[in-house]
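With positions in the sequence shown counted from 1, the corresponding number in our numbering is that position plus 746.
Worksheet: one structure, shown below.
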Amino acid sequence: MTRIAHLSDLHFGRTDQAQLDALASLLVGDRIDHVIVTGDLTQQGRKREFVAAAAWLRELPMKVTAIPGNHDAPVRNLYRRFAHPWRRYERCTGFEAEPVVVGEGFVFAGANSARRFRPGLDWSTGALTRRQTDRVLSAFRRHKKDVKMVGFHHPVQAIETAAKAGKAVVSGADRVIDTLADAHVDVVMTGHVHLARVTTIKDRNWRFVMSQAGTAVSTRLRGEPASYNVLDLGGDDMRIETHRWAADGFAVERSTRFLRGPGGWVEAA
């Protein structure tokens, strides 16, 4: 069994210190094998914010993998944003923008859905090109027996009951879902909207699991407390817990077990 903590939207520059301290202790105490962060390590893409995020993540004793989010491109320096949007992210943290990681029983491929510029006034929205999804699939072809996990910042499915921000999805979401389902991807990991959700998405003849993480330690809340997800991977058997901040600590709010069959993953009774 491999334990993976799925964090997102840390937003260093707008963090809650009590949550940072509690989370660091829990990740060690819960015997997490690997931490995956799906974007927005910082609030405004500032150097000092990246340095603080990297320092906190380096203190964790387990392997850490991260991908950027829209807040990780420079917000105030337009030259840096357009010329070198991810240079500061990569240099200050040591993380790649689109990593591929092979762990015990799983392979994770990250794709950068954040953009330096988007049409209109809202540059926070995201997109994935066919070249990016092709790159993800090429990584999976070499590891057919492992649990195939892909992570990017922007969700592929809206939360209809949420406010406007909770309905934000990656541009071309239907195409992305089709591509991932055709490749029999097992888990899609996202963030961005600061709302936690664990469910399955059925498309074509395959059903994959969606782990959408809320904001783990930021004060920028959108109607629900801070949270993160923990995935227990055991081949064709997977459990995902949502850990929610309550009073003065994180506690398991929900635990869902999924089983993999010929048509993908279904929630166990």
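A virtual CB, placed ideally from N, CA and C, is assigned to each residue, including glycine.
These numbers were taken from a predicted model, which means no experiment stands behind them.
Query                                                                                                                                        : Result
When you compare the CB positions of residue 986 and residue 947, do they come within less than 9 Å of one another, or not?                  : no
Ends of the beta strand (DSSP E) at residue 856?                                                                                             : 852-856
Out of 854, 974, 750, 1001, which has the shortest C-alpha to C-alpha gap to residue 942?                                                    : 974
What's the C-alpha gap between residue 1019 and residue 763?                                                                                 : Because the chain in this structure spans residues 747 to 1015, residue 1019 falls outside the shown range and cannot be described.
Helix, strand or coil: which one does DSSP assign to residue 891?                                                                            : coil
Along the chain, where does the alpha helix (DSSP H) containing residue 794 start, and where does it finish?                                 : 793-804
For residue 888 and residue 813, I'd like the C-alpha separation in whole angstroms.                                                         : 21 Å
How would you write the range of the beta strand (DSSP E) that residue 1001 sits in, first residue to last?                                  : 995-1007
Would you grab the beta carbon distance between residue 787 and residue 818 for me? Rounded to a whole angstrom, and I think it's under 8 Å. : 6 Å
The beta strand (DSSP E) spanning residue 813 covers which residue range?                                                                    : 809-813
Using the C-alpha atoms, what's the distance from residue 858 back to residue 765?                                                           : 27 Å
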